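Residue numbers (my numbering): 78 to 694. Built from N, CA and C at the ideal position, the CB exists for glycine as well. Bear in mind that the values here come from a model prediction, so they are computed numbers and not experimental data. Structure first, then comments.
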Amino acid sequence: MTTDRTATGSTLELGVLDRVFAGFICRLANGGSRSLWLAAAFASAAAANGSVCAELDDLAAGEAVAVARAEGFGEPQDAPWLDPEQWVRELERYDVVTPPGGFAPLVLDACRRLYLHRYWSYESGLGEALLRLAADRCKDLDVQALAAGLERLFPAGKPEDGPDWQRLAAFVAARSSLAVIAGGPGTGKTTTVVKILALLLELHRGKELRIALAAPTGKAAARLIEAVSQALESLALPEEIRAGIPGEAYTLHRLLGYLPGSAGFRHHAGDPLPYDVLVVDESSMVDLPLMAKLVAAVPSRCRLLLLGDSDQLASVEPGSVLGDICHPGYRNRFAPAIHEEYAAVSGTILPNPPVVPAPPLCGSIVTLVKSRRFTESSGIAAVSRLVNEGRGAEALELMNSGSAADISWRELPAAADLATQLLRPLVDGYGEYLATGDPAECLERFGRSRILSPIRHGAYGVQQVNAIAEQALGLRTLRSGTPEWYPYRPVLVTRNDYQLGLANGDVGIALPCEDREGLYAWFPSPAGNCRRFSPLALKSCDTVFSMTVHKSQGSEFDSLLILLPPACGEILTRELIYTAITRGRKRVEIWGSEEIFVAAVDRRIQRSSGLRERLWG
């Protein structure tokens with residue numbers, strides 16, 4: 078797991094593998110200098126900390142000096158790492174460092190960004206592929222049919238309602254091969270994409286349109302199908318159109334064709350995916366290597382629709398791909414061609430002036446801004462917005478005022494008192510699922526509530542909270558047979574298991590079986606019923622009364638308790654707080670220190686990458 082750097086000046090610490098890699102590079106260079114050792118170590122450490130590259134301009138003189146001192150290199154006045162230009166000249170002497178396009182372990186670009194070669198390859202390949210998709214226009218688009226479809230599926234609202242960004246997103250998706258639909262929780266991303274699929278099916282009536290739905294994790298894929306089903310229920314669509322919208326969503330690994338023991342997939346540029354439309358939900362969770370492999374496998378003339386919230390936590394592995402794609406300076410700003418064509422098709426004038434000259438992605442990204450889930454008086458919506466804007470003190474004031482019925486704040490209890498203080502939320506949140514033995518009902522009830530923590534270990538970590546929950550709910554006394562398994566144990570799958578058909582993020586519950594002795598772990602199936610597995614078959618799973626904020630991505634809960642432990646350092650960031658709060662639908666409670674909360678909201682994750690520059694210039 079990566080540990081992000083933040084914009085408040087965190088230090089890029091070297092690990093054992095970084096030092097081993099740096100030594101290997103120096104041996105490969107037949108005795109490289111300390112400057113090469115430092116650069117190689119930083120490139121390795123950057124990837125371990127979530128970045129795609131090491132930015133020598135940021136490291137020179139500051140962190141480079143501190144690390145050099147810690148490594149026993151001393152403090153020579155003429156050390157190359159004191160000046161980025163001198164450092165670059167030193168690195169360019171070695172065959173193990175190449176400019177872009179060459180083949181060597183390290184790639185150094187003109188902006189003094191140093192990459193491990195594979196990450197440079199992923200970044201450059203993804204950038205080129207996205208620009209190609211953005212430029213790929215639909216050449217046989219029936220403009221009259223498009224106009225009629227937009228009016229039918231996205232009827233014009235009142236002028237005071239403002240621009241209909243959902244309608245514009247549908248126009249963008251019909252017009253070209255790349256559409257990125259961004260937006261916070263409840264802004265209607267899934268409903269919009271269902272309408273887009275209906276529109277595309279109408280425009281291709283009489284022709285086969287192969288559609289696939291996908292998400293990074295099994296839980297996110299299940300949520301996508303649930304949301305698609307709900308959207309379909311609310312829409313009056315012809316049966317032939319409904320039949321064309323898939324009732325199943327894949328994890329990205331399953332979609333691409335996971336090859337055990339390999340970093341590659343069955344589908345790639347040479348053997349692309351067999352689809353005409355590909356929808357990927359929760360795109361903020363997709364790391365750079367996986368997104369590069371996914372986009373490389375998209376065939377020509379296939380429409381790629383990426384959905385996600387670019388303000389959420391970035392992927393666990395290196396990269397902040399959706400954040401780099403969605404440039405905040407160009408939010409809902411479009412090229413002149415989009416303004417002209419959209420006005421001709423819909424009769425609507427977009428509010429923001431056109432961008433001239435327009436970067437290529439200015440015709441591919443639409444941000445939905447109006448929340449359909451929360452009312453204007455929603456405290457969850459207001460607090461998440463304040464957090465996202467960096468206004469932590471105002472968010473605290475709102476939570477403490479009592480004016481927000483759906484979100485509240487309280488000081489974190491002492492570690493010795495945590496078990497006592499958690500008793501009420503544990504009983505309120507999980508009491509109902511313990512009152513039924515029906516697997517489907519049990520899973521539904523359990524899925525209504527969750528306790529989130531940013532950490533796994535420690536007095537306020539996930540493991541400790543899970544142990545407290547087992548004790549408080551009286552479940553430890555039910556243990557029998559295999560020590561960790563007991564009736565009503567909720568489990569989270571932590572690794573994809575393709576043999577069982579279980580994905581990372583799937584949640585199940587251990588219950589007795591009517592026709593067999595012993596406990597079985599029950600999981601929801603895509604068909605809507607439940608599947609059962611012997612606990613002995615589950616190789617990677619954890620108890621899940623509590624889960625980390627990272628693991629909660631792609632999930633939503635009616636009731637949510639968020640713990641913000643002290644002394645978490647820079648783990649607590651604006652993105653983490655925002656992601657945690659936006660997992661809640663009806664009720665959110667946050668326990669923490671006001672000082673720590675405000676500091677966390679001020680602290681932003683900073684991941685080094687050249688992708689945004691490739692896409693936007």
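Determine which residues share a DSSP beta bridge with residue i and list them.
| i | result |
| --- | --- |
| S530 | T625 |
| R190 | E132 |
| D619 | L569 |
| Y335 | F342 |
| G585 | V568 |
| T328 | A292 |
| C590 | R593 |
| A598 | A587, F610 |
| L638 | I528, E666 |
| R380 | V354 |
| D574 | L579 |
| S253 | R214 |
| D348 | H345 |
| A259 | G385, T444 |
Please identify the residue among the options whose C-alpha is closest to the C-alpha of residue i.
| i | options | result |
| --- | --- | --- |
| H330 | I322, G321, G341, A420 | G341 |
| T659 | I639, W668, R96 | I639 |
| S198 | P366, R680, L332 | P366 |
| Y575 | Y335, A138, G551 | Y335 |
| A421 | V220, I682, L133, V570 | V220 |
| G582 | H627, R608, I545 | H627 |
| G321 | V305, T328, V393 | V305 |
| Y171 | G178, L183, D217, A677 | L183 |
| F674 | R487, A187, V504, G151 | R487 |
| P531 | E647, T452, L473 | E647 |
| A137 | R593, S617, L159 | L159 |
| R252 | P323, L280, L105, L529 | L280 |
| S623 | V584, S617, G151 | V584 |
| F610 | C590, D619, S629 | C590 |
| P395 | A292, G127, R380 | G127 |
| Y655 | V464, A598, L579, F634 | V464 |
| L191 | R566, A124, A580, A250 | A124 |
| V539 | V568, D515, L579, L552 | V568 |
| L203 | G467, S397, A598, W668 | S397 |
| K284 | P293, A292, E317 | E317 |
How would you call residue i, buried or exposed, if buried means at least 16 neighbouring beta carbons within 10 angstroms?
| i | result |
| --- | --- |
| A512 | exposed |
| V97 | exposed |
| I426 | exposed |
| L227 | buried |
| F180 | exposed |
| C130 | buried |
| N429 | exposed |
| A84 | Here A84 scores only 46 on pLDDT, less than 50, and its place in the model is too uncertain to base an answer on. |
| T264 | buried |
| Q307 | exposed |
| V93 | exposed |
| R378 | exposed |
| R680 | buried |
| P18 | Past the boundaries of the shown model lies residue 18; the chain is included only from 78 to 694, so the question cannot be answered. |
| Q154 | exposed |
| D95 | buried |
| L613 | exposed |
| K235 | exposed |
| R189 | buried |
| E152 | exposed |
| V504 | exposed |
| P601 | buried |
| D358 | buried |
So residue i and residue j are supposed to be a Cβ contact under 8 Å. How far apart are they, rounded?
| i | j | result |
| --- | --- | --- |
| I302 | E325 | 7 Å |
| L57 | G385 | Summary: the structure shown does not reach residue 57, with the chain confined to residues 78 through 694, and so no result is reported for it. |
| L185 | L208 | At roughly 23 Å, the Cβ-Cβ gap does not stay under 8 Å, so L185 and L208 are not in contact. |
| T269 | L499 | That pair is no contact at about 39 Å. |
| N606 | A517 | 7 Å |
| F411 | G456 | Not confirmed; about 33 Å, so no contact. |
| P413 | V375 | So it is not a contact: roughly 27 Å between Cβ atoms. |
| R501 | E509 | With 8 Å as the limit, R501 and E509 do not qualify as a contact, their Cβ atoms being about 14 Å apart. |
| R380 | S254 | 5 Å |
| S485 | G506 | Their Cβ separation, rounded to whole angstroms, is 15 Å, which puts S485 and G506 out of contact at 8 Å. |
| A275 | I258 | Contact doesn't hold; Cβ gap of about 15 Å is too wide. |
**Asked** Where are the alpha helix (DSSP H) runs, 4 residues long or more, that stay fully inside the region 421-477, in chain order?
**Response** 456-465
**Message:** Report the start-end ranges of each alpha helix (DSSP H) in the region 652-686 that is 4 residues or longer and not cut off at the edges.
**Reply:** 671-679
**Prompt:** Counting only runs that start and end within the region 174-231, where is the beta strand (DSSP E) found for 3 or more residues in a row?
**Reply:** 183-185, 190-193
**Prompt:** Where in the region 474-524 do unbroken runs of the alpha helix (DSSP H), each at least 4 residues long, occur, reported from the N-terminal end onward?
**Reply:** 495-507, 516-523
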